[in-house]
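See below for the structure under consideration.
In UniProt numbering, the protein residues as written are 1 to 116.
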(Lines of atoms letter the chains of each structure in order from A and count residues from 1; the text may use other names and numbers.)
(Lines give C-alpha, C1' and ligand atoms only; values in the text may rest on other atoms or scores of the structure.)
Protein backbone atom coordinates (compact mmCIF):
# COMPACT_ATOMS: atom_id res chain seq x y z
CA UNK A 1 0.00 0.00 0.00
CA UNK A 2 1.45 3.35 -1.06
CA UNK A 3 1.60 5.87 1.76
CA UNK A 4 1.63 9.46 0.55
CA UNK A 5 0.64 11.22 3.76
CA UNK A 6 2.15 11.25 7.23
CA UNK A 7 1.16 12.85 10.53
CA UNK A 8 3.92 14.61 12.42
CA UNK A 9 3.28 15.45 16.05
CA UNK A 10 5.00 17.02 19.03
CA UNK A 11 3.67 17.56 22.55
CA UNK A 12 2.17 20.88 21.41
CA UNK A 13 0.99 20.34 17.83
CA UNK A 14 0.17 18.00 14.99
CA UNK A 15 0.94 18.53 11.31
CA UNK A 16 0.02 16.76 8.11
CA UNK A 17 2.66 16.21 5.44
CA UNK A 18 2.51 14.91 1.89
CA UNK A 19 5.36 12.58 0.99
CA UNK A 20 7.28 13.00 -2.24
CA UNK A 21 6.99 10.42 -5.00
CA UNK A 22 10.49 8.95 -4.79
CA UNK A 23 12.27 5.88 -3.44
CA UNK A 24 13.59 7.73 -0.38
CA UNK A 25 10.12 8.85 0.75
CA UNK A 26 8.68 5.38 0.10
CA UNK A 27 11.46 3.88 2.24
CA UNK A 28 10.69 6.41 5.00
CA UNK A 29 7.04 5.29 4.95
CA UNK A 30 8.10 1.68 5.59
CA UNK A 31 9.79 2.80 8.84
CA UNK A 32 6.60 4.33 10.28
CA UNK A 33 5.71 4.79 13.07
CA UNK A 34 8.80 6.66 14.24
CA UNK A 35 9.72 8.68 17.30
CA UNK A 36 12.76 10.91 16.78
CA UNK A 37 14.73 13.15 19.08
CA UNK A 38 15.49 16.22 16.98
CA UNK A 39 17.93 19.03 17.64
CA UNK A 40 18.05 22.49 16.16
CA UNK A 41 20.60 23.14 13.45
CA UNK A 42 21.54 26.60 12.15
CA UNK A 43 18.22 28.07 13.38
CA UNK A 44 16.53 26.87 10.21
CA UNK A 45 15.82 23.20 10.82
CA UNK A 46 15.26 20.38 13.25
CA UNK A 47 17.28 17.27 12.50
CA UNK A 48 17.15 13.71 13.83
CA UNK A 49 18.65 10.33 13.07
CA UNK A 50 16.49 7.65 11.43
CA UNK A 51 16.75 4.05 12.67
CA UNK A 52 17.99 2.86 9.27
CA UNK A 53 19.34 4.41 6.09
CA UNK A 54 17.14 5.59 3.23
CA UNK A 55 18.19 5.24 -0.41
CA UNK A 56 19.81 8.25 -2.02
CA UNK A 57 17.98 10.17 -4.69
CA UNK A 58 17.95 13.33 -6.73
CA UNK A 59 19.22 16.22 -4.63
CA UNK A 60 18.50 19.93 -4.60
CA UNK A 61 19.99 22.81 -2.66
CA UNK A 62 16.95 25.07 -2.10
CA UNK A 63 14.28 24.36 0.49
CA UNK A 64 11.13 26.12 1.71
CA UNK A 65 9.33 26.31 5.03
CA UNK A 66 7.91 22.86 5.68
CA UNK A 67 10.28 20.88 3.46
CA UNK A 68 11.05 17.38 4.76
CA UNK A 69 14.52 16.39 3.67
CA UNK A 70 17.27 13.81 3.86
CA UNK A 71 20.81 15.12 4.29
CA UNK A 72 22.91 11.99 4.79
CA UNK A 73 21.34 8.55 4.48
CA UNK A 74 19.90 8.66 8.03
CA UNK A 75 19.64 12.42 8.72
CA UNK A 76 15.95 13.41 8.64
CA UNK A 77 15.30 17.16 8.50
CA UNK A 78 12.25 19.39 8.98
CA UNK A 79 12.90 22.93 7.73
CA UNK A 80 11.03 25.73 9.52
CA UNK A 81 12.70 28.49 7.49
CA UNK A 82 13.50 28.78 3.81
CA UNK A 83 17.01 28.78 2.48
CA UNK A 84 19.74 26.91 0.68
CA UNK A 85 22.08 24.11 1.75
CA UNK A 86 25.62 23.46 0.52
CA UNK A 87 26.41 20.71 -1.99
CA UNK A 88 25.48 17.95 -2.41
CA UNK A 89 22.05 19.20 -1.28
CA UNK A 90 19.11 17.29 0.18
CA UNK A 91 16.76 14.62 -1.04
CA UNK A 92 13.20 15.96 -0.78
CA UNK A 93 11.02 13.60 1.28
CA UNK A 94 7.88 15.69 1.41
CA UNK A 95 6.17 18.90 2.45
CA UNK A 96 4.48 19.79 5.76
CA UNK A 97 1.25 21.78 5.67
CA UNK A 98 0.63 24.35 8.38
CA UNK A 99 2.42 26.79 10.64
CA UNK A 100 5.80 25.51 11.82
CA UNK A 101 6.62 28.50 14.03
CA UNK A 102 6.68 26.19 17.07
CA UNK A 103 9.97 24.79 15.73
CA UNK A 104 11.52 28.27 15.39
CA UNK A 105 13.73 28.11 18.47
CA UNK A 106 17.01 26.55 19.54
CA UNK A 107 15.31 23.84 21.63
CA UNK A 108 15.40 20.11 20.99
CA UNK A 109 12.06 18.42 20.33
CA UNK A 110 10.66 14.90 20.19
CA UNK A 111 8.73 14.27 16.99
CA UNK A 112 6.45 11.35 16.17
CA UNK A 113 5.71 10.34 12.59
CA UNK A 114 2.87 7.96 11.77
CA UNK A 115 0.33 7.03 9.17
CA UNK A 116 -2.93 9.00 9.31
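Glycine included, every Cβ here is placed at the ideal spot set by N, Cα and C.
Asked, Found
"Test item: CB-CB of residue 25 and residue 94 under 8 angstroms", "yes"
"Helix, strand or coil at residue 110 [DSSP, three-state]", "strand"
"Of the residues 102, 59, 33, the one placed nearest residue 88, counting alpha carbons only", "59"
"Beta-carbon proximity check, residue 115 vs residue 3, cutoff 8 angstroms", "yes"
"Residue 74 - DSSP class collapsed to helix/strand/coil", "coil"
"Own chain partners of residue 32 with C-beta closer than 8 angstroms, once the 5 adjacent residues on each side are dropped", "3, 6, 113, 114, 115"
"Proximity below 8 angstroms, CB of residue 109 to CB of residue 8", "no"
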